[in-house]
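> In order, the protein sequences belong to chains A and B. If you want the numbering used here, it's the position in the first sequence, counting the first as 1, plus 16. If you want the numbering used here, it's the position in the second sequence, counting the first as 1, plus 17. Don't be surprised by glycine CBs; every beta carbon is placed ideally from N, CA and C. Since we're looking at a predicted model, the values are computed, not measured. Before I ask anything, let me first share the structure, which is written out below as C-alpha cells.
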Amino acid sequence: MTENNTVAAGDVPQLSPLYLLRWEEPQQAHVMLYPEGVVKLNETAAAILLLCDGQRTAAEIIADLNSRYTSADVSAGVYRFLETSHAKGWIRIKS
Amino acid sequence: MPKAGSGLSLDGDRIPMWLVLELTYRCPLHCAWCNNPLDFDNYRNELSTEEWKRVLREARAMGSLQLGFSGGEPLLREDLEELVGEADRLGFYTNLITSGIGLSRERLQAMKAAGLKQIQLSLQSSDRAITDSLVGAKAFDAKLAAAREIKSHGFPMVLNVPICRQNIEQTEDILKLAEEIGVDYLEFANIQYYNWALLNRSEFLPTRDQIAMAEAAVARARERLGKRMTIYFVIPDYFDERPKACMNGWGAIHLTIAPDGSALPCQEARVIPGLEFPSVRDAPLAWIWHESPVFNEFRGDAWMKEPCRSCPEKEQDFGGCRCQAYLLTGNAANTDPVCAKSPEHHLVVDAVAEAAVPGRRRRPIVMRRRDSVNTMFMGCGG
C-alpha cells in the first residue's frame, strides 16, 4: 500500500460500508462479513470495531475502552489495531 | 473451485461456512467456459421455493454464513427475491452471482428491500464485440447497464472477469472501465479447465507472456488506485508449480446444492464417476454433510497417495483439486498434476506448451448449448 494508514487522536474511524459486523451465535464471536469473505474477531478487536461508528474520535474510543478495561492503558494497542484495520480497508477515516 | 482471493479466517471446524445454491442451470448466455455439467440439460427437476427454503434453514442451523445465489442465471427464478428475503431473515450474508441479464431496476430494488448484501457481476471484456462473441449473445450493453444500476443502488460490487487468451490483453482497459463504474472488487478469474472450459482449453489458455503483461497492468493499477478498488489476479494454476488449495479441502467449508437438489462438495464434483451425490430431497443436510460417503470420500488425508501422503505441504493445498486430478489423470485420488511433484505434471506442461505454439491450427470453440457436446466431446480428449 502506498497510502498512509496512521491514525491520530482526532481522527474519526468508521466501519467501511463494505463490511457487516455482527454477533454470530454458532461461532460465539463477532464476525465481519464482506463480499467473498468472513473474519472472526476476538473480543478486543470486536470491542474496538463496534466503537468505530463515525461519531467517536480515536481518543474517545480509547477513553471508552480504558473505562471498561481496568488493565494498563490500552491506547498503544488500539492505535496499532486501528492502523491495521485501516490498512486492511475494514475502516475508513473521517476527518 | 475457490475464488481468487477468497478470504476465510474462520476456524471452520467442518462447518459448511460457504453455501452456494445453483438455483437453475437455465441461462440466456452460452459461455464456452461454463462450469455447469456438459449434460446440464438433463437436470431439469429444479427444487421448489419451499424446498430451497428448507435447505436455507438446515444450512443456517449448521452455521453456514456466506451464501451465493448462482446458476445458470439465478434471475431466471422468479422466486429469487423471496429466497433472498428468507436467507436474510435467517442471518446469511447474501451474494447474488449473476450475468446481469435480466437485472432490472425493479428487481434490484426488490432485492435491496429483501436484504441482499452484495452482487457479483460477470463481464468478459471491455469491448462490446468480444464480449458478445465470448458469451454467444448480445450481452455487453445489458451488462454495463446492470453494473451502473448495481452501483446506483449502493450495493458492494464484485466484477468478475473470466480471463482467457481472447481477453487477457485488454486487462488495462478492463481496469479503467471498472474504475469508471466504481467497482469495489475486481476479480480477474483465470478460467479453470473443467467441463466446457476443458473442451475448449487449447483455445482459451493464455501464454506466459500474456500473463506477465496482465500482471504488470494490475500492479500499476494497484499503485494508482490504492484502497479504492481491490484487485484480485491469480495466475491460472496450469502455470504454477503447486496446486491450488481447492475448496480449502473436500468437505471442509464448502457446500454446493445443484438445481435438482444434489449436494456437491464443489460445483464440478459431478465429473468424478462412481460418486453418489445425495439429494436434499431424500436426506437431512446435516447427514449429507457429516455422514454421507461422498462428503467423506476425500476428507482429511487418509485417501492420499504418494507424493501427497508424505508431502510437508499437504496441509496447505490438500493435494490440489480432485476433479482436476480425475479429468487429467483418470484417478481422482492422484496428486493434482498441476503440482511439479506429480509424476503426471507433464500433462499440464504439455497443454500449456501446445496452446502456445505459434501458427498452430485453431479449433472451433464449443459454446454452451444443449446437446452441443454429443459430437464434439470425442474429438477433444486432449
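(1) Taking a contact to mean a Cβ-Cβ separation below 8 Å, would you say L97 (chain B) touches L38 (chain B) in this structure?
(2) Answer yes or no: do L222 (chain B) and V383 (chain B) have a C-beta to C-beta separation smaller than 8 Å?
(3) Taking a contact to mean a Cβ-Cβ separation below 8 Å, would you say A269 (chain B) touches R77 (chain B) in this structure?
(4) With a threshold of 8 Å on Cβ separation, who are the neighbours of N52 (chain B) within its own chain once the five nearest residues in sequence on each side are excluded?
(5) In the structure shown, what three-state DSSP assignment does G396 (chain B) receive?
(6) Which one of B:E240, B:A231, B:R237 and B:R316 has the shortest CA to CA distance from C263 (chain B)?
(7) Give the single residue among B:D334, B:F335 and B:S359 whose Cα lies nearest to the Cα of L345 (chain B).
(8) Hey, does N184 (chain B) have any beta-carbon neighbour from chain A nearer than 8 Å?
(9) Contact criterion: CB-CB distance below 8 Å. Does Y202 (chain B) meet it with respect to chain A?
(10) Mapping the DSSP letters down to three states, classify I109 (chain A) as helix, strand or coil.
(11) Closest Cβ-Cβ distance between M17 (chain B) and chain A: below 8 Å?
(12) Counting only Cβ-Cβ distances shorter than 8 Å, please list the residues of the stretch 130-141 of chain B near chain A, keeping chain order.
(13) When you compare the CB of Y110 (chain B) with every CB in chain A, is at least one pair closer than 8 Å?
(14) Could you work out which residues of chain A lie near P354 (chain B), taking near to mean beta carbons separated by less than 8 Å?
(15) By DSSP's criteria, M246 (chain B) is part of a beta bridge. Which residues make up the other side?
(16) Of all the residues that make up the stretch 50-81 of chain A, which are near chain B by a beta-carbon distance shorter than 7 Å?
(17) So, P51 (chain A) versus I107 (chain A), is the Cβ gap smaller than 8 Å?
(18) Checking 8 Å against the spacing of the C-beta atoms, do V101 (chain B) and L151 (chain B) come in under that value?
(19) Could you tell me which whole alpha helix (DSSP H) segments of length 4 or greater appear in the stretch 322-376 of chain B?
(20) What is the C-beta distance between L161 (chain B) and S116 (chain B), in whole angstroms, given that I count them as a contact (C-beta under 8 Å)?
(21) Taking only beta-carbon positions, decide if G24 (chain B) is within less than 8 Å of chain A.
(22) Use the C-beta contact count for W35 (chain B): other C-beta atoms within 10 angstroms, 16 or more gives buried, fewer gives exposed.
(23) Counting only runs that start and end within the stretch 212-287 of chain B, where is the beta strand (DSSP E) found for 3 or more residues in a row?
(24) Using the C-alpha atoms, what's the distance from L67 (chain A) back to Q44 (chain A)?
(25) Using CA coordinates, which residue listed in B:E332, B:K331, B:R339 and B:P324 is at the minimum distance from V311 (chain B)?
(26) When the Cα of L113 (chain B) is compared with those of B:R106, B:Q137 and B:Q126, which residue comes out closest?
(27) How close, in whole Å, do the beta carbons of I64 (chain A) and L81 (chain A) come, if the pair is a contact with beta carbons under 8 Å?
(28) Determine, using beta carbons only, whether P42 (chain A) comes closer than 8 Å to chain B.
(29) Spell out whether any CB of chain A is found under 8 Å from the CB atom of P91 (chain B).
(30) Can you pull the DSSP bridge partners for Q43 (chain A)?
(31) Thinking F109 (chain B) and L82 (chain B) are a contact (beta carbons under 8 Å), I'd like their distance in whole angstroms, please.
(32) Using only alpha-carbon positions, find the residue among B:T148, B:D334, B:D190 and B:I252 that is nearest to Q261 (chain B).
(33) Using the three-state DSSP reduction, which class does Q126 (chain B) fall into: helix, strand or coil?
(34) Taking the continuous beta strand (DSSP E) assigned at F86 (chain B), which residues delimit it?
(35) Using a beta-carbon distance cut-off of less than 7 Å, what residues from the stretch 76-90 of chain B approach chain A?
(36) DSSP three-state label for F97 (chain A), please.
For this structure:
(1) Residue mapping note: residue 97 (chain B) aligns to position 80 of the second sequence, counting from 1. Residue mapping note: residue 38 (chain B) aligns to position 21 of the second sequence, counting from 1. Going by C-beta atoms, L97 (chain B) is not nearer than 8 Å to L38 (chain B).
(2) Against the second sequence, residue 222 (chain B) aligns to sequence position 205. Against the second sequence, residue 383 (chain B) aligns to sequence position 366. Contact flag unset, no.
(3) Working through the second sequence from its first residue, we reach residue 269 (chain B) at position 252. Working through the second sequence from its first residue, we reach residue 77 (chain B) at position 60. No. Outside cutoff.
(4) Position 35 of the second sequence, counted from the start, is the residue given in the question as residue 52 (chain B). Taken in chain order, the residues that qualify are M18, Q209, Y211, N212, W213, A214, Q284 and E285.
(5) Counting from 1 along the second sequence, the entry for residue 396 (chain B) is found at position 379. Note that G396 (chain B) scores 36 on pLDDT, short of 50, meaning its location in the model is unreliable; the coordinates nonetheless yield the value given after this. G396 (chain B) falls in the helix class under three-state DSSP.
(6) Reading the second sequence from its first residue, position 246 is the one you call residue 263 (chain B). Nearest C-alpha to C263 (chain B): B:R316.
(7) Within the second sequence, numbered from 1, the residue matching residue 345 (chain B) stands at position 328. Closest by alpha carbon: B:S359.
(8) As a first step, residue 184 (chain B) must be located in the second sequence, where it is residue number 167. Chain A, which has no Cβ nearer than 8 Å to the Cβ of N184 (chain B), makes this no.
(9) As a working note, residue 202 (chain B) is residue 185 in the second sequence. It does: the Cβ of Y202 (chain B) has a partner Cβ on chain A nearer than 8 Å.
(10) As a working note, residue 109 (chain A) is residue 93 in the first sequence. It is a strand residue.
(11) Any property of residue 17 (chain B) remains undetermined from this structure, which presents chain B solely from 18 to 399.
(12) K134, Q135 and Q137
(13) Residue numbering aside, residue 110 (chain B) sits at position 93 when the second sequence is read from its first letter. Chain A, which has a Cβ nearer than 8 Å to the Cβ of Y110 (chain B), makes this yes.
(14) Counting from 1 along the second sequence, the entry for residue 354 (chain B) is found at position 337. Ordered by position in chain A, no residue passes the 8 Å Cβ test against P354 (chain B), which lies about 27 Å from the chain.
(15) As a first step, residue 246 (chain B) must be located in the second sequence, where it is residue number 229. M246 (chain B) pairs with nothing; no bridge assigned.
(16) P51, E52, G53, V54, V55 and K56
(17) Translated into the one-based positions of the first sequence, residue 51 (chain A) becomes position 35. Translated into the one-based positions of the first sequence, residue 107 (chain A) becomes position 91. Taking 8 Å as the Cβ cut-off, P51 (chain A) and I107 (chain A) do not qualify as a contacting pair.
(18) Position 84 of the second sequence, counted from the first residue, corresponds to residue 101 (chain B). Position 134 of the second sequence, counted from the first residue, corresponds to residue 151 (chain B). No, these two residues do not count as a Cβ contact at 8 Å.
(19) 331-334, 339-346 and 363-373
(20) Start at 1 with the first residue of the second sequence, and residue 161 (chain B) comes out as number 144. Start at 1 with the first residue of the second sequence, and residue 116 (chain B) comes out as number 99. Contact doesn't hold; Cβ gap of about 12 Å is too wide.
(21) The count along the second sequence starts at 1 and reaches residue 24 (chain B) at position 7. Confidence at G24 (chain B) is low in this model, with a pLDDT of 45, below 50, so its placement is unreliable and the value that follows should be read with caution. It does: the Cβ of G24 (chain B) has a partner Cβ on chain A nearer than 8 Å.
(22) Locating residue 35 (chain B) in the second sequence gives position 18, where the first residue counts as 1. W35 (chain B) is buried by the Cβ-count criterion.
(23) 247-250 and 271-274
(24) The residue you call residue 44 (chain A) lines up with position 28 of the first sequence. The residue you call residue 67 (chain A) lines up with position 51 of the first sequence. Looking at the two C-alpha atoms, the distance is approximately 19 Å.
(25) Taking the second sequence and counting its residues from 1, the one referred to as residue 311 (chain B) is at position 294. Ranking B:E332, B:K331, B:R339 and B:P324 by Cα distance to V311 (chain B) puts B:R339 first.
(26) On the second sequence, position 96 is the one that residue 113 (chain B) refers to. The residue with the shortest Cα to Cα distance from L113 (chain B) is B:Q137.
(27) Position 48 of the first sequence, counted from the start, is the residue given in the question as residue 64 (chain A). Position 65 of the first sequence, counted from the start, is the residue given in the question as residue 81 (chain A). Yes, they are in contact, since the Cβ atoms of I64 (chain A) and L81 (chain A) sit about 7 Å apart, within 8 Å.
(28) In the first sequence, residue 42 (chain A) corresponds to position 26, counting from 1. Yes - at least one Cβ of chain B is within 8 Å of the one on P42 (chain A).
(29) Taking the first residue of the second sequence as 1, we reach residue 91 (chain B) at position 74. It does not: the Cβ of P91 (chain B) has no partner Cβ on chain A nearer than 8 Å.
(30) As a working mapping, residue 43 (chain A) is identified with position 27 in the first sequence. Per DSSP, none; premise fails for Q43 (chain A).
(31) Counted from its first residue, the second sequence places residue 109 (chain B) at position 92. Counted from its first residue, the second sequence places residue 82 (chain B) at position 65. 7 Å between Cβ atoms; contact.
(32) As a first step, residue 261 (chain B) is located in the second sequence; it is residue number 244 there, counting from the start. Contrary to the premise, residue 261 (chain B) reads as Lys rather than Gln in this sequence. Answer by Cα proximity: B:D334.
(33) For the purposes of this step, residue 126 (chain B) is taken as residue 109 along the second sequence, with counting starting at 1. Helix, per DSSP.
(34) Position 69 of the second sequence, counting from 1, holds the residue named residue 86 (chain B). Looking at the DSSP string, the run of the beta strand (DSSP E) that includes F86 (chain B) is Q83 to S87.
(35) G80, L82 and Q83
(36) The count along the first sequence starts at 1 and reaches residue 97 (chain A) at position 81. In the structure shown, F97 (chain A) sits in a helix (DSSP, three-state: H, G or I).
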